[in-house]
Each structure stands twice: as C-alpha cells, then as structure tokens.
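See structure below.
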Amino acid sequence: MTPTANPRVQGVPGLTPPPPEPPPASPNYLENGTSLWSWLSTVDHKRIGILYLLTISAVFVLGGVAAGLVRLNLVTYNSGILSEDAYNRAFTAHGVLMLFFFLIPAVPAVLGNFLIPMMIGAKDLAFPKLNLASWYVFLVGLVFGAWAILNGGIDTGWTLYPPYSTRGSQSSVVPGVVGVFVSGFSSIMTGLNILVTVHKMRAPGMTWGRLPLFVWSLYATSLIQLLGTPVVAITLILLGVERVTGEGIFDPAIGGDPVLFQHLFWFYSHPAVYIMILPGFGVVSEVITCFSRKNIFGYHAVAWSSMGIAVVGFLLWAHHMFVAGISYYSALLFSFLSMLVAVPSAIKVFNWTATLYRGSITFQAPMLFVIGFIILFTVGGVTGLFLATLGTDIHLHDTYFVVAHFHFVMVGGMVLGYMAGLHFWWPKMTGRMYSDWWSRVSAAIIIVGFFLTFVPQFYIGYHGIPRRYPNYPPEFQIYHVLSTAGASILGLGYLIPALYLPLSLFYGEKAGANPWSATGLEWASPSPPPVFNFDEERMPVVVCGPYEYALGIDQLGRGLPEPPGPGGAEGPAGRAGVTGPAGPMQKETEVVG
Amino acid sequence: MSASTHAHSPVLKHHFNDLGQQHASERLGMWMFLATEVLFFGGVFGAYTCYRLWYPAEFELASSHLNKTFAGINTVLLITSSLTMTLAIRAAKLGDRAGLYRNLLLTFALGAAFMVIKGFEYAEDLHEHIVPGASFGGEIAADTAKHGLDAGKVRLFLCFYYVMTGIHGIHILVGLGVILWLVGQTYIGAIPPENYSTVECASLYWHLVDAIWLFLMPLLYLARGAVHYGH
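Just so you know, the sequences run in chain order A and B.
Oh and the first sequence: position 224 is 224 in this note's numbering, straight run, nothing missing.
Oh and the second sequence: position 22 is 1022 in this note's numbering, straight run, nothing missing.
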C-alpha cells in the first residue's frame, strides 16, 4: 500500500503543516485543586501516576541505601562494617524493596497510569476509583514492609525460602510477608485496569494494529500481573500459616515439601521479572523511533514478541530450581523453554537496531538511556543463556554471576528504561523541560557506573564466589572494591536527576505540547494535559499507525513540528526530510493499520 | 445504542462514551478479576493435590472426621443462592424493584445461613480438637495412632482444610457485603433497568464463589480411597 492509497491521511506525501500549538489547558490537571486532600482523593489517572512516582522514588532511595550498605560491607573481605546478621537484613531489605515496591510498580503504575489513557485517546482508565484504591493498598503494603524493616528487618533473602523462613529465622518475616501480599493486590488492580482500558476505551480509529508499542507491552505486562500475582499471594498465605501454626506445609521434617514452595513462588516470581522488564521494552520502542525519526522496524513482530514473552514467561519458572532436586526431564524441558524466551527478546533487540539503521539519530537524554538499555539488556540477556543451560548453571548457580546477570537486566535494562521514559514524558507530565546538559551527563555517568559495578561481579561469580555471603577470600577483594567504586558512581548518577528534575519545575523552560516532535496521541494534548486529557468537544480520531515519522504525521494525521536538535541540513529534519526519507527508504513509509 | 439516548443517563460515568461501553468494561473487568481468583485458588488446589497424592491414607482419615452433614446442607444452600442471584438479575433487567429486593435478600439469607452453619462446624471441630497445632488431639488423634499413621500429615490436611474453607468463607463475607450494598443501591434508585449490569457483575462473583465451594466440598469432605498405595 502506498501512503496516498489511504484517503484518510490528508496531505501526504506533500508537506503537512504542523498544527498550531494548542492553547494551555485551563485548568490543567495540576491546577485542578491544589490542596493536599484534592491529591489524596483524586481519581485522575495522571495525578495517581504522580502519587505513585513520589512513593516509589522514596522506595528507590531506601532500597538504594540498603544496596549501599551491602556494597560498603563487601569492601573488606571479613565483613568489616555490618554484623553478619545485619548484612543478611540489608540485602533482604534491598531485594524486597527494589523488587516488590519499586520495579513492579515503576513503569506500569507511574508511566502506565499516566500515559495509557492518553495514548489510546480515552478520558481516564476504566475504573478510576479502583486506580486510587490501588495506590492506597500499595501504601498499606509499604507500611507493613516498613514495619518489618524497623522491627529489625528480615534475614531470609527476598525469596523467603522455607524452612528457614518458617522455622529458623528470628526476624520479622510475618509483617514482611503481609506487606508483599498486600502490595500484590495493588499490582493486580493496576493490571486489571489497564487491560480493560485497552480493550474497551480506545479512540475511534485506534485499532489493535495502531496501538503504540508501549501500550502493547503494558498489555502483556498486565496479563502477567493479573494471572501471576494471585499465585504468590496464596503461597505467602501458606507460608504465614506454616510460620504461625508450626505445621509442615513446606517443612520437610514434618512431611512438607520445600520444593513445592519454590515451584509456587517462582510461578509468580519468574514471570514477575517480565512484569519488570516488558514495560521497559515499551519505553524503548517509543523513544527509539522518535529520536531516530523513523517508523519502528517490524511493528507486528515487536508487538507480538511482547505477548510471546508474557506467554512463554509463564512456562519456565523451574529454571530457578535446577539444583533443587527436580527431575532431569523437567529440568531439560525448563531449560529448553528458558532458551525459547530469548527468541522474542532477541526479536525486539534486532528490530530496535534495525530501526536505528539509517535513522536521523539525535542524542537527547531519553535516547542515551535507551541506547544504554539496549547494550546492557543484551549483555544481561546473553548471560541469561549461560544460566538456562543445565551444565553451566550447576557451576554458576547462586554465584555473583547470577547477581550480575539479574542486575544487567533489571537495572541496566529496566531502571534505564524507566529513566528514559521519565525523561521522555517529563515535559508532558510537568509542562517543563529539564536541563539538557545535566540529563545527558547523568545518563553517561549511570551507564559507566553501572558497568563498573557489575562487570567485576561476572568475573568473581564465574570464579565461584557465592552471593549473599559477607566474607570471601582476600584475593577477590580488588573486584569487590571495583564494584563498590562503580556503585558510588552509579549513586552519583542517580543523584543528579534527583536534583535537576525537581528544579526544572521551578526554573525549567516551558515545554510545548510536543517538544520531541513525537507522533503519539499524548502529544496532541497541551502540556500539562487538561483534566480529561483532551478537548472534550473534539476527542481524538486516529487515522494512521503510531510511528509515521517518515511521513512526518502524528496519529491524528497532522504534520509534526520541527524536531529538537541541530536545525538546517545537519538536523534530523534536514537529513531525513520532515515528509519522509527519499530514495531507497521510500518502501518503509507504509502506513500501519 | 446511540450516545444521545443515554447522554443524560444519571448512571453513565463521565469518562465513558455511552452505557454500552461502560457495561462492557464492567463485565470484562469482573471476568478478569474472576481469572485472578481462579489462579488464587488454583495455587492452593495445586498444593493440596500434591499432598493428597503423597499422603492418601492420612488425608482420607482426616477427611472422614469432618462433618459431612453440615457440608451437604451448605452445598444445597449455596446452589440455591446462585439461583436467587440469577433471578435478581432478571428482576433488575425488568425494573421489578420488589423482585430485586426479594431475590437479593433471599440470596443474602442463604449466604448468611451458610456462614452460620460453617461457624457451628468450626466450633464443633475446635471442640473435638480437629485443629492443626498444639491443640490437635481427641478422637482424630487416637484414630491416627490406631491406624499407625503420621499425625503431622493428618495435621497437614487440617491446615489445608482451614486455609481453603477460611479463604472461601472470607469470599462469602465479601459477597454478602456486596449484596447489602446492592440492596442500598436499589433503595436509592441507582439500579434502573439500563444499569442492571451492576447486579450481573456481583452475580458473576457470587457464582464463582459457589463454584469454588463445589470443588472444595468433595476435595475436603469426600476424600476416599482413590489411590490407596503404600499403606
């Protein structure tokens, strides 16, 4: 299909002038009540996203402090700072806070909440009150988690394996378990809300094939939240019952089976890592197209690979248990399925790389974070294959190799994805631009600090240093010192955005409706958006796919403003042409959907 | 269903275009919640199944000490309540307010009766020391010793018994709360015929809770000699 074959796309292939800047919303969602109560009782998805943003930022600081304690303690090989018991509690606090209270809600509850209705052209999520309830439920879970930490902490590791967690541990396991249990419901509520919204509330013309890939990835995420979380909920109930009654549901001494706990736990907690990473994939797809000024390469492949990850991701949990005494045959099957999930992940990486090819790339902060994401996630993904292989896993199981692999995917992948998303949509959320220079510096520092932190851990893990031990042989000290030095740089990298992002609220330049010259519906609305997202008299009607950068039109079929970056012949517009690249690339300008 | 017909409907929420969209969203949301519930109970059913297969003799012995009469009556009560709940949807759809009240209150009464009987049953279990933990004893303990079985595994069954019926009971209580809320909504006139799907969503939940009981009842009360090996 040639572009002109679609009669609804006006003015193609000629230059479509960009729409006039929409007048500022009056009132915008930030001005619609400024009292504390107006925030605490809001049912506006955008405000709830901001509430989540503030909450999880606090959690990130706490989890980061716990990580800092762990890294400081490892500078010396004989646990110089913390007692061994306190060390156990520090790494458990780091794991529980970062996984259950930061990574799981990070993109779905902050960016997803804020953006899903705007991207599909709806006024709000389907169940606004449920959405607010999810935040309060999350807070209740967080209070229990904080109680567990203040009450001495938990020393079981975030995986809470029995029988240690039910019989041996003298720490606050029960409040911690209640906290995780309760916060799970908030995750289910968010997921359910997003699923129903995507199914039922899309604007006219927003077909499934025209959904932005961020929406696809959150759709897949929400499916996992909906179907995985209840299983860990019931597992935690059984764990609590065992701890309270002293019966042997999972205790092998009195008839229980600890491996059963591991099965049930990982049935959720393995798919949960896809809850954490899939939204990051969505952010990458949005950002990489915008800053390459190109249509995504292989839209349907990227969209369906999200669904593939969600489905296959449910079928490989037992690869956490290769050395826990499961049968050889099931280990073989789970090994195969674990490798299978690398296929859709690789499809994404290849498609993103192909999107960059011959793009007019500019390197604003979101793009730097995304490039960091692709590199680090690829390293994390490939090292995951070492762990999916039965033979090598026996050697690498429970070593720092696993820690490094996991952090490459979760921090190098997901946290960078989250940072990319936050920087990309910050102008939309706040109406202000942050410091371009400082944001680029912080992205560079984070990527360098991250490499320095975790590359040495691959090495010591490969040489057999087990994770979670406070002591290690002296000859490995240099690697731990390097890693701690890297963590300090990483911490500095996170500190800089914590300064320039809030400062931008007061001193930042005012952002226009579409500062990045992006194509999504959310950019058609003023920044910050009005209470119901769009002009209620003229709700959006979608006429084309989500990434028509080559044609230079947004999803409403209107022209795009001048993209940021150097202007003239050197700028992205000059090189690619606002109306589309010339010559051999013409074939890539098909209208999706 | 055109938007103009319902533009001023008091039950249409602002962020939906029309009632059709609103109701479809509510229904889909409830079905997805039910999927969550199935997985929630699926976890404990799965764990139960493992131990039922590993320790058949202990599970059958423990099961034989539970009160089947109470469970049988309760099953009849719940199935009947599903019928009255469905009749409530019909009444709501027809705008038959008296019928809606009648059927909602009947459903509530049947559900409440279930909980009362369940309470008597728990009291009896407690009295006969059919409990996990230190108070385990009495006839069930003697019976376990007589057959040379492992008391820890009998108590394991009792853990599952209390967890499964307890969680199910909490679901019934939530359902009763929802039915009372529906009665209140009917009273203030918030359930006109075009908004009957509110009743329908509540009924979907109620039916699921009933359906779960239909699995719990045979698993817990009727566990008999299917796989007698090793003892």
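Glycine is no exception: its CB is placed at the ideal position from the N, C-alpha and C atoms.
Predicted, not measured: the structure shown is a model, and the values here were computed from it.
Would A/Phe-261 and A/Pro-162 qualify as a contact pair, given that the criterion is a beta-carbon distance under 7 Å?
In contact: A/Phe-261 and A/Pro-162 (Cβ atoms closer than 7 Å).
Where does A/Ile-616 sit, in a helix, a strand or coil, going by DSSP?
For residue 616 of chain A there is no data in the structure shown, the boundaries of chain A being 1 and 593.
Examine the Cβ distances between the region 392-406 of chain A and the region 458-468 of chain A and report whether three or more of them are shorter than 8 Å.
Counting Cβ pairs under 8 Å, three or more are found: they touch.
Just to confirm my understanding: we take A/Leu-372, look at its own chain, exclude 5 residues before and 5 after, and list those with CB closer than 6 Å. What are they?
Here residue 372 of chain A is Gly; the residue named in the question, Leu, does not match the sequence. If we look at A/Gly-372 and ignore the five residues flanking it on each side, its Cβ neighbours are Leu-416 and Ile-447.
Applying the criterion that 16 or more other CB atoms from any shown protein chain within 10 Å of the CB defines a buried residue, is A/Pro-204 buried or exposed?
By the 10 Å Cβ count, A/Pro-204 comes out exposed.
Can you pull the chain A neighbours of B/Gly-1042, defined as C-beta to C-beta under 9 Å?
Within 9 Å Cβ-Cβ: Pro-230, Val-231 and Ile-234.
Could you check whether the Cβ of B/Met-1032 sits closer than 7 Å to any Cβ belonging to chain A?
Chain A contact via Cβ: present.
Please report the distance separating the alpha-carbon of A/Gly-568 from that of A/Met-410.
Low confidence applies here, because A/Gly-568 scores a pLDDT of 49, under 50, leaving its location unreliable and the question unanswered by this model.
In this structure, how does DSSP classify A/Gly-33 when only helix, strand and coil are distinguished?
Looking at A/Gly-33 - three-state DSSP - the assignment turns out to be coil, as it is neither helix nor strand.
At a Cβ threshold of 7 Å, is B/Ala-1024 touching chain A?
B/Ala-1024 counts as touching chain A.
Are there three or more Cβ pairs, one per stretch, closer than 8 Å when the region 89-103 of chain A is compared with the region 495-510 of chain A?
Judged by Cβ distances under 8 Å, the region 89-103 of chain A makes no contact with the region 495-510 of chain A, as fewer than three pairs qualify.
With respect to the alpha helix (DSSP H) encompassing A/Ile-288, which residues constitute its N-terminal and C-terminal limits?
258-292 is the span of the alpha helix (DSSP H), which, as asked, contains A/Ile-288.
Report the start-end ranges of each alpha helix (DSSP H) in the region 70-133 of chain A that is 4 residues or longer and not cut off at the edges.
Counting only runs of 4 or more, we get 84-96 and 113-120.
Quick check on B/Gly-1138 - is its C-beta less than 7 Å from some C-beta in chain A?
Taking Cβ atoms only, chain A never reaches closer than 7 Å to B/Gly-1138, which makes this a no.
Do you know how far the Cα of A/Phe-102 is from the Cα of A/Ala-318?
Distance between the alpha carbons of A/Ala-318 and A/Phe-102: 25 Å.
Does the beta carbon of B/Gln-1185 come closer than 7 Å to any beta carbon on chain A?
For B/Gln-1185, the answer is no, since every Cβ of chain A falls outside 7 Å of its Cβ.
Quick one: which chain A residues come within Cβ less than 9 Å of B/Asp-1018?
By Cβ distance, chain A contributes nothing, its closest Cβ being about 11 Å from B/Asp-1018, past 9 Å.
Which class does A/Arg-47 belong to by DSSP, given the choice of helix, strand or coil?
Three-state result, A/Arg-47: helix.
Just tell me which of A/Trp-437, A/Trp-352, A/Thr-430 and A/Ile-374 has its CA closest to the CA of A/Gln-364.
Selected option, being the one with the closest Cα: A/Trp-437.
For A/Pro-497, name the three-state secondary structure that DSSP assigns.
It is helical.
How should A/Glu-475 be labelled, buried or exposed, when 16 other C-beta atoms within 10 angstroms of its C-beta is the threshold for buried?
The residue in question, A/Glu-475, is exposed, as its Cβ has fewer than 16 Cβ neighbours within 10 Å.
Can you tell me where the alpha helix (DSSP H) holding B/Glu-1121 begins and where it ends?
Here the alpha helix (DSSP H) through B/Glu-1121 covers 1097-1127.
In its own chain, which residues sit with a C-beta less than 8 Å from the C-beta of B/Pro-1193, not counting the 5 before and 5 after it?
Correct list, in chain order: Ala-1092, Lys-1093, Leu-1094 and Gly-1095.
Where do the ends of the alpha helix (DSSP H) carrying B/Gly-1042 lie?
Counting along the chain, the alpha helix (DSSP H) containing B/Gly-1042 begins and ends at 1019-1054.
State yes or no: is the C-beta of A/Trp-164 within less than 7 Å of the C-beta of A/Tyr-472?
Trp is not the amino acid found at residue 164 of chain A; the sequence shown has Tyr there. No.
Does chain A have any CB closer than 7 Å to the CB of B/Gly-1152?
Yes, because at least one Cβ of chain A sits closer than 7 Å to the Cβ of B/Gly-1152.
Check A/Pro-530 in the structure and name its three-state DSSP category.
Here A/Pro-530 sits in strand by DSSP.
Can you tell me whether A/Thr-399 is helix, strand or coil according to DSSP?
Strand, per DSSP.
If I'm right that A/Phe-322 touches A/Asp-393 with Cβ under 8 Å, what's the distance once you round it to whole angstroms?
About 5 Å separates the two Cβ atoms, so the contact holds.
Is A/Ile-149 near A/Thr-92, with beta carbons less than 7 Å apart?
The answer is no: Cβ separation not under 7 Å.
In whole angstroms, what is the alpha-carbon distance linking A/Pro-427 and A/Gly-184?
Going by the C-alpha atoms only, they are around 31 Å apart.
Take A/Asp-535 as the anchor and find which of A/Leu-396, A/His-45, A/Gly-240 and A/Ala-122 has the nearest alpha-carbon.
The shortest C-alpha separation from A/Asp-535 is found at A/Ala-122.
Among A/Ile-188, A/Met-206, A/Val-178 and A/Tyr-219, which one has its Cα closest to the Cα of A/Asn-239?
As written in the sequence, residue 239 of chain A is Leu, which differs from the Asn given in the question. The shortest C-alpha separation from A/Leu-239 is found at A/Val-178.
Is it buried or exposed, B/Ala-1062, if we count other Cβ atoms within 10 angstroms and call 16 or more buried?
Answer is buried; the Cβ neighbour count reaches 16.
Let me know the secondary structure DSSP gives A/Lys-510 once reduced to three states.
DSSP places A/Lys-510 in strand when its eight states are reduced to three.
For A/Gly-545, which three-state DSSP category applies?
Residue state, collapsed to three classes: coil.
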